[in-house]
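S.K.:
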Amino acid sequence: MHTRLTNLSNRAVLLILFILFAGGSLWSLVINLTSPNANFAEWGESWLQNFSTEMFGAFLTFMLLTLVLGTRQEKERLIRQLRSQVNEAALQAAEELAARGWLADGSLKGANLRRANLQGAGLEYANLQGASLRGTNLQGTNLTWANLQGASLKRANLQGANLTWANLQGASLWDANLQGASLGAASFDEKTILPDRKLARLDHNNNPIYTPESYYQPSVTDMTRYTDPNHPDFWQPEWVKRRRASDSAGQ
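Numbering-wise (the working numbering), the sequence shown opens with residue 16 and increments by one.
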């Protein structure tokens, strides 16, 4: 139903309104002609009197439908553009979504932004709850106050990203690159999966069960281990090491 409404053109909306209007007029005429006191002249006069009112109402309905459907189509277009692997296109979409208030209003909850190139994007206050950001380039991205609760950030590149005050409760940071990321006042919980998570076993349904150390532990987990290269126990994903080695070999 949602897809059908979204795909309606202006011509289709006008046709629907015309059919409803013509059908109503015909029904009124049939009732009048089959009435014992049928009076076509009176019916015609009444029809003309109501015509302007009905047409005005139809015009308002058309304008409202056009506005609602047009807004929905524009929002969906921008969200599709946001997942672009072309950085310039993705940045433009982020700016337009922010300007319209669609970053923070829940429009991006559960969005599929896998492998998007959002490097340097301004996503502050973005509501990305439950979104898929697997393999997404978020290098240098501003995610201040962003809601990333339950989001999948598996193998995301968050190098140099600003995650100050971000909500990362229940988020999966498995294999994510957090080098140089700002995590000041970011919130985590016992369901937040750390970048170096380790598989313990599979349950009877073949679902993975990770070791306790794979989850954030308040007052225990030191997140600078993933952000500060000077940390004595600094950790970074293997794919980052391979990329660095490949870049060095190509020079």
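Positions of the beta carbon are idealized from the N, C-alpha and C atoms, including for glycine.
Exposed or buried, K169, counting other C-beta atoms within 10 Å across all chains shown (16 or more means buried)?
M.R.: By 1-based counting over the sequence shown, the position of residue 169 is 154. Burial call: buried.
S.K.: Spell out the partners DSSP gives S147 in its beta bridges.
M.R.: Working through the sequence shown from its first residue, we reach residue 147 at position 132. For S147, which the question treats as bridged, DSSP gives the partners N127 and S167.
S.K.: Could you spell out the range, first to last residue, of the alpha helix (DSSP H) harbouring Y241?
M.R.: What you label residue 241 is simply residue 226 of the sequence shown in a count that begins at 1. For Y241, the enclosing alpha helix (DSSP H) has its first and last residue at T239 to T242.
S.K.: Taking the alpha carbon of E253 as the reference point, which residue from D190, L198 and N245 has its own alpha carbon closest?
M.R.: If you number the sequence shown from 1, residue 253 lands on position 238. Of the listed residues, the one whose Cα sits closest to E253 is D190.
S.K.: Roughly how many angstroms separate the alpha carbons of M16 and R129, rounded to a whole number?
M.R.: Counted from its first residue, the sequence shown places residue 16 at position 1. Counted from its first residue, the sequence shown places residue 129 at position 114. Caution applies to M16, whose pLDDT of 46 falls short of 50 and renders its modelled position unreliable; the value that the coordinates give is listed next. Each residue's Cα considered, the two are about 27 angstroms apart.
S.K.: Going by beta carbon distance, what residues of the same chain come within less than 6 angstroms of L63, once the five residues before and after it are set aside?
M.R.: The count along the sequence shown starts at 1 and reaches residue 63 at position 48. The predicted model places L63 with a pLDDT of 48, which falls under 50 and marks its position as unreliable, so this point remains unresolved.
S.K.: Give the single residue among T226, L209 and L148 whose Cα lies nearest to the Cα of R217.
M.R.: Position 202 of the sequence shown, counted from the first residue, corresponds to residue 217. The residue asked about is misnamed: residue 217 is Leu in this sequence, not Arg. Ranking the options by Cα distance to L217, first place goes to T226.
S.K.: Starting from A15, trace the alpha helix (DSSP H) both ways and give me its first and last residue.
M.R.: Nothing about residue 15 can be reported from this structure: the residues present for the chain run from 16 to 266 only.
S.K.: Is the beta carbon of L93 closer than 7 angstroms to that of E111?
M.R.: Translated into positions along the sequence shown, residue 111 becomes position 96. Translated into positions along the sequence shown, residue 93 becomes position 78. Result yes, Cβ atoms of E111 and L93 sit closer than 7 angstroms.
S.K.: I'd like the span of the alpha helix (DSSP H) that includes L112, first residue to last.
M.R.: Locating residue 112 in the sequence shown gives position 97, where the first residue counts as 1. N102 to A114 is the span of the alpha helix (DSSP H), which, as asked, contains L112.
S.K.: Write down the C-beta distance between L97 and A105 rounded to the nearest angstrom, noting that I regard them as a contact closer than 8 angstroms.
M.R.: Start at 1 with the first residue of the sequence shown, and residue 97 comes out as number 82. Start at 1 with the first residue of the sequence shown, and residue 105 comes out as number 90. Taking C-beta atoms under 8 angstroms as the contact rule, L97 and A105 qualify, at a distance of about 6 angstroms.
S.K.: Report yes if the C-beta distance between N162 and N177 is below 7 angstroms; otherwise report no.
M.R.: The residue labelled residue 162 in the question sits at position 147 within the sequence shown. The residue labelled residue 177 in the question sits at position 162 within the sequence shown. Not closer than 7 angstroms, so no.
S.K.: Between the Cα of S197 and the Cα atoms of A186, G155 and D204, which residue gives the shortest distance?
M.R.: Numbered from 1 along the sequence shown, position 182 holds the residue referred to as residue 197. In terms of Cα proximity to S197, the closest of A186, G155 and D204 is G155.
S.K.: Please check the pair G137 and A113, which I expect to be a contact at CB under 8 angstroms, by giving their CB distance rounded to whole angstroms.
M.R.: Taking the first residue of the sequence shown as position 1, residue 137 is located at position 122. Taking the first residue of the sequence shown as position 1, residue 113 is located at position 98. The pair is a contact, with the Cβ atoms about 6 angstroms apart (cut-off 8 angstroms).
S.K.: Would A200 pass as a contact of T179 if the rule is Cβ separation under 7 angstroms?
M.R.: Within the sequence shown, residue 200 is the residue found at index 185, counting from 1. Within the sequence shown, residue 179 is the residue found at index 164, counting from 1. In this structure, T179 lies closer than 7 angstroms to A200 by Cβ.
S.K.: Excluding the 5 residues preceding and the 5 following L193 in the sequence, name in chain order all residues of the same chain whose CB lies nearer than 7 angstroms to its CB.
M.R.: By 1-based counting over the sequence shown, the position of residue 193 is 178. Only residues of its own chain outside the window of five on either side were considered, and among them L173, P210, Y241 and T242 have a CB closer than 7 angstroms to the CB of L193, listed in chain order.
S.K.: Just to confirm, are H246 and T236 a CB contact at a threshold of 7 angstroms?
M.R.: The residue given as residue 246 occupies position 231 in the sequence shown. The residue given as residue 236 occupies position 221 in the sequence shown. One thing to note: H246 has its Cβ no nearer than 7 angstroms to the Cβ of T236.
S.K.: Over the uninterrupted beta strand (DSSP E) stretch that includes T225, give me the two end residues.
M.R.: In the sequence shown, the residue the question calls residue 225 occupies position 210. The sequence shown places Tyr at residue 225, rather than the Thr named in the question. Unbroken beta strand (DSSP E) run through Y225: P223 to Y225.
S.K.: Based on DSSP bridge pairs, tell me the residues matched to N245.
M.R.: Working through the sequence shown from its first residue, we reach residue 245 at position 230. Note: N245 sits in no beta bridge, so no partner.
S.K.: Using the beta-carbon count (16 or more within 10 Å), is R257 buried or exposed?
M.R.: Within the sequence shown, numbered from 1, the residue matching residue 257 stands at position 242. Counting Cβ neighbours within 10 Å, R257 comes out exposed, since fewer than 16 surround it.
S.K.: Going by C-alpha distance, which of E103, D262, G125 and I208 is nearest L188?
M.R.: Locating residue 188 in the sequence shown gives position 173, counting from the first residue. Nearest option by C-alpha distance: I208.
S.K.: What is the DSSP secondary structure of S263, counted as helix, strand or coil?
M.R.: Reading the sequence shown from its first residue, position 248 is the one you call residue 263. Looking at S263 - three-state DSSP - the assignment turns out to be helix.
S.K.: Only counting the same chain, and skipping five residues up and downstream in sequence, which positions put a Cβ closer than 6 angstroms to that of E205?
M.R.: Mapped onto the sequence shown, residue 205 falls at position 190. Contacts found: Y230.
S.K.: Could you compute how far the alpha carbon of R149 sits from the alpha carbon of L30?
M.R.: To locate residue 149, count along the sequence shown from 1; it is residue 134. To locate residue 30, count along the sequence shown from 1; it is residue 15. Straight-line Cα distance between these residues: approximately 44 angstroms.
S.K.: In whole angstroms, give me the CA-to-CA distance for S202 and A126.
M.R.: Locating residue 202 in the sequence shown gives position 187, where the first residue counts as 1. Locating residue 126 in the sequence shown gives position 111, where the first residue counts as 1. Approximately 21 angstroms between the Cα atoms of the pair.
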